[in-house]
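Q: Just passing along the structure, written as structure tokens.
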Amino acid sequence: MIRRLWQQSRRVMSRRQAAMHLLGLYFEVVVFNTSTFNSAIFTPGNRAEASAPLETAEELGAQASQGADSAPSSSMRYWFPQINFSKLRLLDPIRFLVQLFWLIFFRQEREYEANKVEAEPIFHVERRKHARRPSNTSNANGSDTNNNASAGNVPFAANTGPENSAQTVHKSAQAQTKNRNFFQKVLRARKNVIRNSINLVKHQWVQNIKPYYTRKGTDAIQAFGDVGGYKWMNSGTARILLTVFAGIMVSFTVSLPVDATSQAIMLLVFWATALWVRDVQKRGALLLMVVLSILVSSRYLYWRLTQTINWDVPTDTALSLLLLSAELYAWTILVLGYVQTIWPLQRHVAKLPSDMSQWPSVDVYIPSYNEPLNVVRPTVLAALAMDWPEDKLNVYLLDDGKRKDFAEFAEKVGVGYIVRKDNSHAKAGNLNHALKLTKGDFITIFDCDHIPTRSFLQLAMGWFNEDPKLALVQTPHHFFSPDPFEKNLTMFRNKPNENELFYGLIQDGNDMWNASFFCGSCAVLKRGPLEEVGGIAVETVTEDAHTALKMHRLGYTSAYLNIPQAAGLATESLSAHIGQRIRWARGMAQIFRLDNPLIGKGLNLGQRICYANAMLYFLNGLPRLIFMMAPLAFLLLHSYIVFAPAIMIALYALPHIVHSYLTNSRTQGRYRHSFWAEMYETVLAWYIMRPTMVALISPKHGKFNVTAKGGLTPTTFFDWEVSRPYLILVMLCIVGFLFGFWRLATGPTDEYLTVALNLVWVSYNLIILGGAVAVAEEAKQVRAAHRIQVNRPITVITRSEHAYAVELVDYSDRGLGLKLPENCWLEENDEVDILLQDGLSSHSFKAQIVSRRGNLAGAIMQVDAIEDQQALIRATFSRADAWVGWRDTSYQERPISSLREVLAVGARGYKRMALQFAPKLGPIFAVLTKLGRFLRSLLPYFPGEKVN
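Under the working numbering, the sequence shown has 126 at position 125, and the numbering climbs by one with no breaks.
As structure tokens, this is what we get:
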């Protein structure tokens, strides 16, 4: 067999390649007990492939290593996915050693166990499958041959002629059996020697010692993490004593003076503890991580305040205090954020009365100003389709644009149409004007592009019966179109978007403190409390949050239901996105100045913290720019803004950074990946800095701006105007980077570590700025209607009355994407009827097939009548489950993986910018891309990871 494998390999390989190929196969058989023929040239069980010789070494390599994701865990290809054992390269031994070292010393045991759980069923299925096969079958000549051989799994079957193929198959099967028996004997002997040599030691460790201490350690962690075990802390006396004791211990830990070695040991203990409990899904483990993070960060700030300011040099003092102020701001946001999100309420749906006559009347407001009718129409039709008694549901289109076609549409569909003489106070004034003209018990507000599901009111209204003081129920703002980050970085529905942290976690955390606030849309407000505070607030441009703050001050409560029950359009360009955030930042700064939640009556401590954090967050523009410029103070000006040895800076600053990332990854990882917040804030920093500073000084300045929706981007272009601040910062950082190398070459040796530390800092800033630059290249958007990807069975009926069960793969308000079965003969221009389910009922729509590519087809819906349009909306956008499970949030991100993502985005940004200046650099970037892949191949991979 080995001789035949050698002959086959030599057809397509050199002597060295063939020898290495056979050596790899032999090593895999001996070490992993893998079937020789599963590791050989042919794909098992495929007669066509086994009967044709491979022509090239590339084909051989492709067959022998079809990707680690298809290889069993008992294969070398699984554990070493970056190595093609059929075509070894010069540096593959280095890759092998690096991967082996990483597998042995760095991969955690739980990952091995997870792989083991996944791999075992595959092995046993194969064993059972072979066991069911008859051992012998009779061929056409009457001779008995092995069933595997007759299935075409025997090597070199292609070299036999038709006249003696059965005899060759029989001989090959016998050779296969002999070689298998030989390898089994070798393996049994090897296993016996190894087993006898280590069993005496291993038995006690595996059977007794290790399980005992593992069980004890796990029980201790789980017991600590279960907060239900601390009910004794509910007494007032215990809380006071524990608070005093905790305060003393925190003060001692924060202010304890130690040398570098002791500081390193202390922080390593803290770090090890955080890593130890990070994956324990218990509230107490999370609380421990938060405490450790606050301790380490507070200790860093105490050290900065007491030991790192050079008061003898005025320039150093000024720059050091500037950096310290930014760090104090960041520490404040960090601590307030922990308090805000430490215990999300995760409120469930409350039931409505079974007697529908007790359900209250609801007025639905849909304000609009300059949006096109095709954006507003689906929202109005979906609002009419909500499951609520018809005599208690009143829908109003509030048109500040005073457009004739809007008035005609409102009359045609039977909704109220309200206009006013002027447009004072923008959206808030529009809503307040309608409030005076309607009489419903409750007010539901939808932005004109937010399409509600039919279950919206039934899910949201129940809590008003549970709590008579409840004035507001807010639901998430969900978006079915990509925002500029998702669109321009091609990450739509793959990673959390910018809004997901707020609506997925922060509002749920606010709800724990009775501090969830109105967000302007997708909410229900009780008329009485709303009128008591004077209607929607008009003093600031963020009228929604200010209105909720006023109601909270009067003692009313709010609720947040974290179930997406409406969806709309995200901002479609980076400039529009920045404009919207500028308004939010200005409005929050205005509230902080005019109606500061930290002072005044009516709010509890939790409400003050949540509102203050929401407002202070939008003041991050100046601190973010300070962090971007800080390393340049030393590299360009030789100013010691942190007056301390580099080793001490590392020992204090790095643990502060690491613990904050670990803890935020544990609390926020499902809603925002690590390092992405810096990119979001960097994009906005320059633009929100001036409006927020002006609002703090003169809060009456600024006006409401409407975010454009429904636009198109005909071609890809780079927004130089928006990216100008980033480009200036990039150039400054590059200059500082070059000065850093000049200082390394010419400066004193005792500054090497300081220079290196600042070079690392400025390199990180360049990566983040690269991401900001990448977002500035606007991707093309030519679809007038956004497609929603789904996976739903529907029925298509042709004009010949043939019915096909097809799969709905995407839809919009104008068309559908279909995946057809193999026996479906639909062609372009065919007219069909499409049956869509809507709960327990179904609707039939006429459509025309406009495209057909393979088994995929596109259909345009022919829904001219209002009734058909409303039925289509109800069966698609307005389904009760339309937005449930939109993105998998069960994945717990890892900071290192997120750092790699940000690195890749930063590199992409510089590539895009360079190609704008010099398109001829494309081939150079192609070479650099290959070089990057080569360098990546030298790093460890997770077993089974797909290698590009």
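Think of the CB as a built atom: it goes at the ideal place given N, C-alpha and C, for glycine as much as any other residue.
Just checking my contact of S321 with F742 at CB under 8 Å: how many whole Å lie between their CB atoms?
A: Counting from 1 along the sequence shown, the entry for residue 321 is found at position 320. Counting from 1 along the sequence shown, the entry for residue 742 is found at position 741. Incorrect: roughly 25 Å between the Cβ atoms, too far for contact.
Q: Identify, in the order they occur along the chain, each residue of the same chain with its Cβ nearer than 8 Å to the Cβ of H787, setting aside the five sequence neighbours on each side.
A: Here residue 787 corresponds to residue number 786 of the sequence shown, with the count starting at 1. Excluding positions up to five away in sequence, the list reads F481, S482, L570, S813.
Q: Please classify S852 as buried or exposed, where buried requires at least 16 neighbouring CB atoms within 10 angstroms.
A: In the sequence shown, the residue the question calls residue 852 occupies position 851. Exposed.
Q: So what does DSSP say about K496, is it helix, strand or coil?
A: Along the sequence shown, read from residue 1 onward, the residue named residue 496 stands at position 495. Three-state DSSP puts K496 in coil, outside helix and strand.
Q: In terms of DSSP beta bridges, what is M862 paired with?
A: On the sequence shown, residue 862 is found 861 positions in, with the first residue counted as 1. BP columns for M862 point to A848.
Q: Rounded to a whole number of angstroms, what is the C-alpha to C-alpha distance between W585 and R800?
A: Mapped onto the sequence shown, residue 585 falls at position 584. Mapped onto the sequence shown, residue 800 falls at position 799. If I take the Cα positions, the gap works out to 54 Å.
Q: What's the gap between the Cα of R11 and the Cα of A19?
A: Numbered from its first residue, the sequence shown carries residue 11 at position 10. Numbered from its first residue, the sequence shown carries residue 19 at position 18. Looking at the two C-alpha atoms, the distance is approximately 6 Å.
Q: Take the Cβ of T877 as the centre, count every other Cβ of all protein chains shown within 10 Å, and call the residue buried at 16 or more, exposed below.
A: One-based indexing of the sequence shown puts residue 877 at position 876. The residue is buried, with at least 16 neighbouring Cβ atoms inside 10 Å.
Q: Taking the alpha-carbon positions, what's the G603 to K820 distance?
A: Locating residue 603 in the sequence shown gives position 602, counting from the first residue. Locating residue 820 in the sequence shown gives position 819, counting from the first residue. Each residue's alpha carbon lies about 58 Å from the other.
Q: Quick one: what does DSSP say Q64 is sitting in, helix, strand or coil?
A: Position 63 of the sequence shown, counted from the first residue, corresponds to residue 64. Here Q64 scores only 43 on pLDDT, less than 50, and its place in the model is too uncertain to base an answer on.
Q: Judging by CA-CA distance, which residue of V245, P379, V420, S355 is the nearest neighbour of P390?
A: As a position in the sequence shown, residue 390 is number 389, starting the count at 1. With distances taken between Cα atoms, P390 lies closest to S355.
Q: Measuring only the C-alpha atoms, how far is V731 from N621?
A: One-based indexing of the sequence shown puts residue 731 at position 730. One-based indexing of the sequence shown puts residue 621 at position 620. The alpha-carbon atoms of V731 and N621 are separated by roughly 19 Å.
Q: Using the three-state DSSP reduction, which class does K527 fall into: helix, strand or coil?
A: As a first step, residue 527 is located in the sequence shown; it is residue number 526 there, counting from the start. Strand.
Q: Taking the alpha-carbon positions, what's the K931 to R937 distance?
A: On the sequence shown, position 930 is the one that residue 931 refers to. On the sequence shown, position 936 is the one that residue 937 refers to. Rounded to whole angstroms, K931 to R937 spans 10 Å at the Cα level.
Q: Give me the Cα-Cα distance between E722 and A678, rounded to the nearest whole angstrom.
A: As a position in the sequence shown, residue 722 is number 721, starting the count at 1. As a position in the sequence shown, residue 678 is number 677, starting the count at 1. So the alpha carbons of these two residues sit roughly 23 Å apart.
Q: Given a threshold of 16 other Cβ atoms within 10 Å of its Cβ, counted over all protein chains shown, does I1025 qualify as buried or as exposed?
A: Nothing about residue 1025 can be read from this structure; the chain reaches only from 2 to 949.
Q: Quick one: grab the DSSP three-state call for A159.
A: For the purposes of this step, residue 159 is taken as the residue at position 158 of the sequence shown. Confidence is the limiting factor: at A159 the pLDDT is only 39, short of 50, which leaves the residue's position unreliable, though a coordinate-based value still follows. Helix, per DSSP.
Q: Answer with buried or exposed for G855, where buried requires no fewer than 16 other C-beta atoms within 10 angstroms of its C-beta.
A: For the purposes of this step, residue 855 is identified with residue 854 of the sequence shown, where counting begins at 1. Its Cβ having fewer than 16 others within 10 Å, G855 is exposed.
Q: Please go through the same chain and pick out, in chain order, the residues whose beta-carbon is closer than 7 Å to the beta-carbon of R625, but skip the five residues on each side of it.
A: By one-based count along the sequence shown, residue 625 stands at place 624. These residues qualify, in order along the chain: E682, T683, A686.
Q: Hey, could you find the ends of the alpha helix (DSSP H) Q308 is sitting in?
A: The sequence position of residue 308 within the sequence shown is 307, counting from 1. It spans 284-308 - the alpha helix (DSSP H) in which Q308 sits, taken as one unbroken run.
Q: CA-CA distance, P379 and P453?
A: Residue numbering aside, residue 379 sits at position 378 when the sequence shown is read from its first letter. Residue numbering aside, residue 453 sits at position 452 when the sequence shown is read from its first letter. Going from the Cα of P379 to the Cα of P453 covers about 9 Å.
Q: What residues in its chain sit with their C-beta under 7 Å from that of T693, if we drop five residues either side in the sequence?
A: The residue you call residue 693 lines up with position 692 of the sequence shown. So the qualifying residues of the chain are A586, R587, A590, F619, L620, G622.
Q: What's the C-alpha gap between F518 and Q508?
A: Reading the sequence shown from its first residue, position 517 is the one you call residue 518. Reading the sequence shown from its first residue, position 507 is the one you call residue 508. Each residue's alpha carbon lies about 8 Å from the other.
Q: Among S675, H844, A651, P920, whose alpha-carbon lies nearest the alpha-carbon of A265?
A: Position 264 of the sequence shown, counting from 1, holds the residue named residue 265. Ranking the options by Cα distance to A265, first place goes to A651.
Q: If you drop the 5 nearest sequence neighbours on each side, which residues of the same chain put their C-beta closer than 6 Å to that of T890?
A: On the sequence shown, position 889 is the one that residue 890 refers to. If we look at T890 and ignore the five residues flanking it on each side, its Cβ neighbours are R671.
Q: Please work out which residues of its chain come closer than 7 Å, Cβ to Cβ, to S576, disregarding the five sequence neighbours upstream and downstream, and give them in chain order.
A: Taking the sequence shown and counting its residues from 1, the one referred to as residue 576 is at position 575. Only D720, V723 meet the Cβ criterion.
Q: How big is the Cα-Cα spacing for V376 and C449?
A: Within the sequence shown, numbered from 1, the residue matching residue 376 stands at position 375. Within the sequence shown, numbered from 1, the residue matching residue 449 stands at position 448. Cα to Cα, V376 sits roughly 7 Å from C449.
Q: Quick one: what does DSSP say L940 is sitting in, helix, strand or coil?
A: Indexing the sequence shown from 1 puts residue 940 at position 939. L940 falls in the coil class under three-state DSSP.
Q: With burial defined as no fewer than 16 other Cβ atoms inside 10 Å of the residue's Cβ, what is the status of K1: buried or exposed?
A: There is simply no residue 1 to check, as the chain begins at 2 and stops at 949 in what is shown.
Q: Could you compute how far the alpha carbon of D831 sits from the alpha carbon of G402?
A: By one-based count along the sequence shown, residue 831 stands at place 830. By one-based count along the sequence shown, residue 402 stands at place 401. Cα to Cα, the separation comes out at about 41 Å.
Q: How far does the beta strand (DSSP E) with A804 in it extend, from its first residue to its last?
A: Looking up residue 804 in the sequence shown gives position 803. First-last of the beta strand (DSSP E) with A804: 804-812.
Q: Check whether the stretch 632-642 and the stretch 308-324 are in contact - that is, three or more C-beta pairs closer than 8 Å.
A: Yes: at least three Cβ pairs fall under 8 Å.
Q: Checking 8 Å against the spacing of the C-beta atoms, do A546 and I592 come in under that value?
A: Position 545 of the sequence shown, counting from 1, holds the residue named residue 546. Position 591 of the sequence shown, counting from 1, holds the residue named residue 592. Contact flag set, yes.
Q: For R854, write down the residues that DSSP places opposite it in a beta bridge.
A: Counted from its first residue, the sequence shown places residue 854 at position 853. Note: R854 sits in a beta bridge opposite L857.
Q: Taking the runs of the alpha helix (DSSP H) that are 4 residues or longer, which of them lie wholly in the stretch 448-473?
A: Here the runs fully enclosed are 457-461, 463-467.
Q: Count the C-beta pairs between the stretch 341-358 and the stretch 423-430 that are closer than 8 Å, then say yes if the count reaches three, no if not.
A: The answer is no - the stretch 423-430 does not touch the stretch 341-358, with fewer than three Cβ pairs under 8 Å.
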